[in-house]
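Respectively, the protein sequence lines represent chains L and P.
For the first sequence, counting from 1, position 274 maps to 273 in numbering that gives the first Met the number 0; every step adds exactly one.
For the second sequence, counting from 1, position 295 maps to 294 in numbering that gives the first Met the number 0; every step adds exactly one.
Protein chains: 2
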Amino acid sequence: MSSAIADVAARAGVSKATASRALSGNGYVAEATRVRVIAAAREIGYVASPNAASLVTGQTKNIGVVMPFINRWFFGEVLEGIEQALLDRGYDMTLYNLHPGSADRQRVFEFFLARKRFDGIVVIGIEPTRVEVEQLVRLGVPLVGIGGPVNGIPSFTMDDTGAARRATEQLIGLGHRKIMHIAGEDADVLSDSVAGRRRAGYLDAMRAAGLEAESRTELAIMSLPGGYDAGAQALSDATNRPTAVFAACDEIAIGTMIAARRLGLRVPGDLSIVGVDGHEYAEMFSLTTVEQQPRQQGHDAVTALLNHIAGDPSPPAVVDVSARLVVRASTAALTAVAAAPLS
Amino acid sequence: MSSAIADVAARAGVSKATASRALSGNGYVAEATRVRVIAAAREIGYVASPNAASLVTGQTKNIGVVMPFINRWFFGEVLEGIEQALLDRGYDMTLYNLHPGSADRQRVFEFFLARKRFDGIVVIGIEPTRVEVEQLVRLGVPLVGIGGPVNGIPSFTMDDTGAARRATEQLIGLGHRKIMHIAGEDADVLSDSVAGRRRAGYLDAMRAAGLEAESRTELAIMSLPGGYDAGAQALSDATNRPTAVFAACDEIAIGTMIAARRLGLRVPGDLSIVGVDGHEYAEMFSLTTVEQQPRQQGHDAVTALLNHIAGDPSPPAVVDVSARLVVRASTAALTAVAAAPLS
DNA sequence: CTGAAAGCGCTTACAG
DNA sequence: CTGAAAGCGCTTACAG
């Protein structure tokens, strides 16, 4: 059934050592021998066991990935980018899905990640504690982060604060003053989280424009239904309605947009909306957003990680990934009439 | 840095064999010794290498998963269910993402899956060819499928044809006759695919009600934007508009709903819509749908797989998973006025 | 250019 | 109840 290198060697009439050299390409082997060994391997469908090889080479050809969500757009994109890059280089990917507050968290750090199965580890959006970072470092394998700088782990991340500032400034530039921010739920608890940094950028921009008094933040689960619920709630009071919303992510933005329309508000006529991310639905909803490329980030982070494993220098502490404002039809200048009471 | 069982043995003053027995729980070991060994292991942070152990036990404690999409709801849910079940039992999950038409497909079957890394393999929605099923079987490890029966692989799947029939009958029961089906794009090519079976169920129901002449099928990418595009197209001609749509999945249904509203159609006033899946957005969009539990399916399939690996009998060729019609506000009885010309 | 030998980290008969 | 020995499948110095 499953064949070993001894079978290949026997069939090709060489020693296991030579078979190994011929198959791996390491060390000298006569061309004719090489051809014969490779043919033998093909004939019996031999594929080397990396688990066995790892025992002597120390290389597992396997990368561990830890992320809090699979089923949210950003994470799914990152994951697909990682998977593709890994596949291209012959690596496997072992995935751990650690929801915020997951009871398995400690077990993943102390048991699963410690099983000596990985040549490197990618952590994404899990906001590791200082102790956890230490545990990761103690593993002794290269690490890389995506989506938020983590102290002690080189991270691929966009400038969340800057993106939020830019998005908010866009609304300010259109004449809006009552600009509400719908933040991610952990912006409150973790100022260091993606949601926290985006809120900070919003506040920066408001303050710089002298609009502190107009600023207002609501919290939402970072999903479409989360944005819908928060939007429906926050926009229901007609006497105290913002003219624009800066949402912490596109899911929230789209959910808010749908809620606004159900309340009879026109977007952008009555309400301008800006998001962040460049979600696959953004175009369909004509959403103005600060677009990033999570799939590319996954790909680039893994490439850097594998290169580091192969001997390249470690990537820098923070690799700033690209993000750009894409203006679509969810934003418009505040109309003169609506603007009047403010001017 | 990373310690071996010899270190534990030395520290506890026993042989490697005894340390192994104490840690694994296999074989006799004096209680006092066991305690001493476990303490030693804890002190130096020892975790056994399953790669090394697999060489002698043959057990890798690792399961391979192959699926075409990560970033679509059904697959993401299945994946989270799988991951949780695996984590609970101490197994790792290695994920291969094989887009339809992926150039890597052959390499995954012939190289990655053949590396003797897995105690079992889960295949989801990739519609393996006969040759591929053979390759999988030749691996000699237990297999399980999710989301569509595959010959030769025990599969957890809902009755797609029945679900589609039920959904269509619901519309017929509400008095609709001009019921359009927006099918998944591969319904045409692969009658055996999920999309193909759902289209068959639609046609069954239409035929049984004597509505063959009214049946009409359009194709869409199985995503929200896919449903939006197909819906916008199919509903734009006011002279030839269905009064109801049965969508092959909830993403298509929701995309179609949004397109319909943009065209000024009221849902369900002018157009009733039914989907299939029980998508996380279904409630927010008040979508009538045939709900299934992909997360549960992933969990149950893995549990059956691990039990089989542990010695239980293989699951049956087809395990029918539950699905039920959930009626929400996207469907309504055809109004007398609209129905008149048909009666 | 090739082979015999050692050894990676583990577990498991086999003796005792 | 415990230890010495063998061996899982591979690769890599080391001789030749």
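C-beta atoms are modelled at their ideal positions from N, C-alpha and C, and glycine is treated no differently.
- Chain-ordered, the chain L residues with CB closer than 7 Å to the CB of V46/P read F110, A113 and R114.
- Where F74/P is concerned, the enclosing alpha helix (DSSP H) starts and stops at W72 to D87.
- With contact defined as three or more Cβ pairs closer than 8 Å, the stretch 88-106 of chain L and the stretch 86-99 of chain P are in contact.
- Beta-bridge annotation (DSSP): N96/L is paired with M66/L.
- In chain order, N50 make up the part of chain P whose C-beta sits under 8 Å from the C-beta of T59/L.
- The distance from the Cβ of S313/P to that of P148/P is about 15 Å, inconsistent with a contact at the 8 Å cut-off.
- Annotation for M283/P: no beta strand (DSSP E) segment contains it, and DSSP assigns it neither H nor E.
- For M205/L, the three-state secondary structure derived from DSSP is helix.
- Under the 9 Å criterion on CB atoms, R197/L is classed as non-interfacial with respect to chain P.
- Of the residues assessed, D319/P falls on the exposed side of the cut-off, its CB having fewer than 16 other CB atoms within 10 angstroms.
- Contact between the stretch 120-127 of chain P and the stretch 139-148 of chain P is present: 3 or more CB-CB pairs across the two stretches fall below 8 Å.
- When C-beta atoms of the stretch 219-232 of chain P are compared with those of the stretch 150-164 of chain P, fewer than three pairs fall below 8 Å, so the two segments do not count as touching.
- When the Cα atoms are used, S235/P and M283/P turn out to be separated by approximately 25 Å.
- Chain L places no beta carbon closer than 9 Å to that of E126/P, leaving this residue out of the contacts.
- Around the CB of G263/P, fewer than 16 other CB atoms lie within 10 Å, so the residue is classed as exposed.
- In the three-state scheme derived from DSSP, where H, G and I count as helix and E and B as strand, N61/P is classed as strand.
- Restricting attention to A207/P, S214/P, G172/P and I220/P, the CA atom closest to the CA of A194/P is found in I220/P.
- Taking C-beta atoms under 8 Å as the contact rule, A233/L and M179/L qualify, at a distance of about 6 Å.
- Membership of A113/L in any beta strand (DSSP E) is not indicated, and neither H nor E is assigned to it by DSSP.
- Here the alpha carbon of H175/L sits roughly 7 Å from the alpha carbon of A243/L.
- Straight-line measurement puts the Cα of Q169/P at about 35 Å from the Cα of Q83/P.
- Y27/L has its alpha-carbon roughly 9 Å from the corresponding atom of T17/L.
- Nearest Cα to T59/P within the set I43/P, A39/P and R88/P: R88/P.
- Interface criterion not met: the Cβ of E211/L is under 9 Å from no Cβ in chain P.
- Chain order gives the chain L residues near L78/P as I69, where near means a beta carbon separation below 7 Å.
- N96/P reaches chain L at E79 and E82, counting residues in chain order whose Cβ is nearer than 7 Å.
- The continuous alpha helix (DSSP H) containing S53/P extends over residues P49 to T56.
- Only exposed fits D311/P, as fewer than 16 other CB atoms lie within 10 angstroms of its CB.
- A199/P is the residue among F111/P, A199/P, L173/P and G80/P whose C-alpha sits nearest the C-alpha of A182/P.
- By the criterion of at least three beta-carbon pairs nearer than 8 Å, the stretch 45-63 of chain L is in contact with the stretch 31-51 of chain P.
- DSSP places V275/L in the strand class (E or B) of the three-state scheme.
- Scanning chain P for C-beta atoms nearer than 8 Å to the C-beta of P224/L yields E279, Y280, E282 and M283, reported in chain order.
- Bounds of the alpha helix (DSSP H) holding R10/L are I4 to A11.
- Taking each of I62/L, R265/L, A208/L and Q105/L in turn and checking the Cα distance to T128/L, the smallest one comes out for Q105/L.
- A direct Cα-Cα distance of roughly 53 Å separates V273/P from A40/L.
- For T302/L, the enclosing alpha helix (DSSP H) starts and ends at P293 to I308.
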